[in-house]
Amino acid sequence: MSSVSSDSRTSLPPLDVDLPPVEEVVRLPAGFRAGAVAAGIKASGGLDLGILATTNGPASVAGTFTTSRLPAAPVRLSRAHLEAAAGRTVAILSTSGCANAGTGEVGERDQAELGDLLAASLGVERELTLAVSTGLIGSRLPVERLRDPVTRLATSGLTASDAAFGTLAEQLMTTDTRPKAASVRLELPGPDARPRAVIVAGIAKGVGMIHPNMATMLAFIATDATAEPGTLGTALSRAVERTWNQLTVDGDMSTNDTVFLLASGASGAMPIEADDAGFNRLADAVEAVARSLARQQAADGEGATTLLTCGVSGARDDAEARAVARSVVGSSLVKAAAHGRDPNWGRILAAVGTATVDGQPVPIDERRLVIGLCGVTVFAGEPVPFDRDALARRLARPEVEIRVDLGAGGATGEAWGCDLTEAYVAENSAYST
């Protein structure tokens, strides 16, 4: 048998993603400085305390947080400070190895004390500081051990360099096996009508307890473009909806997820408003960075050996396309089949049929449904013959690509996940309190 469908009408090309090219490199935009140290939170002695700060006054900032009804202390503090400072910030304090979640009022006091210490060290109001934390739920931050490192790092340990941003990416890591970074270069108009070079760059962590509506993941995206907090919020919401909310590793939601988008204005480009011609260029760059980081996180999922991607086309609207894609990559049976290099397309079909939007099933017409697996059409209203051995060899690649066309409209969506392995179970059964 042929390893591809003999009917060209059912061939599904890769989903067309119209975003600017991304480099998976660490790059710190102008107007920011960063640093990280080992302060004794992690038993391993690794980097566990970091700061991202501005070089010259407050930056505009927008944030997106976990939807958990039990958010961690740093999430509550950051939400309050974002509102109080009207979307301006000077510094973000990052701790890893301790989530400071489920710690009650004492955890909130610990977080506030470190925030006040950071603000005093930088000579700014406390509301101009934000916080993130990741690690074990239920344990307190070792505040006594952190006071001196916070002060030293804030006053003399921050540099405006790519390398410093790289150390911050390493500091964020807990069960990650490697840092995640992405950057995009673009041009935006300057005040003299000449284009200004602008950078949008991000770092992220999180490879477990990751499920749509954010995840156990932290991300900082910084740009030297000029934009008000509301404009950044619009761009960030769009990016998160299309990328991080489409990422799932294990179906569990965290207490700590946070994404910040900051703009320093140091490029000298004209301010961008949500209704400007340049807004889509900036928003597309933010989305491209977020998409790259989300894919890197999925590929580094706890115990993962395979990046699992699903592109959906032919949907009635974007929400339905995204829901179907999420349902497929979130299926434990699909994940297990990917790990076993098993071309069991029936599991994909079953996952397509369970997709919902706002609790309502996505309408699916089986007669119009087409499913492709690693470039091979396996279903087109009915089973399509294919060479199982040849397809199994394709499934051994580092990325398993699933394509679904619903035949109902022109909307598209993507989602990312990873295979389900014995190593995932072993790692999480040993993640002890």
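Just so you know, the sequence shown maps onto residues 0 to 432 in numbering that gives the first Met the number 0. Built from N, CA and C at the ideal position, the CB exists for glycine as well. If you're wondering where the values come from, they're calculated on a predicted model, not measured in any experiment.
A check of alpha carbon separations from residue 107 across 121, 91, 138, 127 identifies 138 as the nearest. Restricting attention to alpha helix (DSSP H) runs no shorter than 4 residues, the region 101-163 encloses them at 103-121, 142-155, ordered along the chain.
Scanning the region 263-319 for uninterrupted beta strand (DSSP E) segments of 3 residues or longer gives 306-314, listed from N- to C-terminal end. The beta carbon of residue 116 sits closer than 7 angstroms to the beta carbons of 146, 149, 150 from its chain, once the five residues preceding and following it are set aside; these are given in chain order. Straight-line spacing of the CA atoms in residue 259 and residue 238 works out to 12 angstroms. DSSP places residue 40 outside both helix and strand once states are collapsed to three, so it counts as coil. Assignment of residue 57 by DSSP, reduced to helix, strand and coil, places it in the coil class. Taking the C-beta atoms as reference points, residue 18 is found nearer than 8 angstroms to residue 290. Around the beta carbon of residue 70, a 10 Å sphere encloses 16 or more other beta carbons of the protein chains shown; the residue is thus reported as buried. By a beta-carbon distance limit of 8 angstroms, residue 293 contacts residue 243. Their separation comes to about 5 angstroms. A Cβ-Cβ distance of about 6 angstroms is found for the pair residue 338 and residue 419, placing them in contact under the 8 angstroms criterion. Within the same chain, Cβ atoms closer than 7 angstroms to the Cβ of residue 397 are found at 305, 306, the five residues on either side in sequence being excluded. For residue 412, the beta-bridge partners assigned by DSSP are 311. Sequence-distant Cβ neighbours of residue 25 in its own chain, meaning closer than 8 angstroms and more than five residues away, are 161, 162, 164, 165, 168, 178, 180, 182, 200, 202. Under the three-state reduction of DSSP output, residue 194 falls in the strand class.
Excluding its 5 nearest sequence neighbours in each direction, residue 40 has C-beta neighbours in its own chain below 8 angstroms: 47, 48, 94, 95, 96, 97, 134, 140, 141, 144, 145, listed in chain order. For residue 94, the enclosing beta strand (DSSP E) starts and ends at 90-97.
Around residue 84, the same chain offers 126, 127 as residues with beta carbons nearer than 6 angstroms, after the five sequence neighbours per side are excluded. In the three-state reduction of the DSSP assignment, residue 404 falls in the strand class. One thing to note: residue 59 has its Cβ within 8 angstroms of the Cβ of residue 231.
Counting C-beta pairs with one atom in each stretch, the region 218-228 and the region 259-268 have three or more that are closer than 8 angstroms, which means they touch. Boundaries of the beta strand (DSSP E) around residue 371: 369-372.
Ranked by Cα distance from residue 121, the first of 16, 364, 56, 334 is 56.
Residue range 179-188 is occupied by the beta strand (DSSP E) that includes residue 188, with no alpha helix (DSSP H) assigned at that position. The residue among 22, 11, 21, 31 with its C-alpha nearest the C-alpha of residue 266 is 31. Residue 88 places its beta carbon 8 angstroms or farther from that of residue 252.
Between residue 369 and residue 319, the gap from beta carbon to beta carbon reaches 8 angstroms or more. CA-CA distance, residue 327 to residue 354, rounds to 8 angstroms. The C-alpha of residue 416 lies about 21 angstroms from the C-alpha of residue 314.
Under DSSP, the beta-bridge partners assigned to residue 382 are 378.
In the structure shown, residue 66 falls within a coil segment according to DSSP collapsed to helix, strand and coil.
Secondary structure note for residue 29: it is in no alpha helix (DSSP H), with a DSSP letter that is neither H nor E. For the 8 angstroms CB-CB criterion, residue 340 and residue 281 do not form a contact. Residue 204 is bridged by DSSP to 217. Each residue's CA atom was taken as its position, placing residue 190 and residue 156 some 34 angstroms apart. The C-beta of residue 285 has 16 or more other C-beta atoms within 10 Å across all chains shown, which makes the residue buried.
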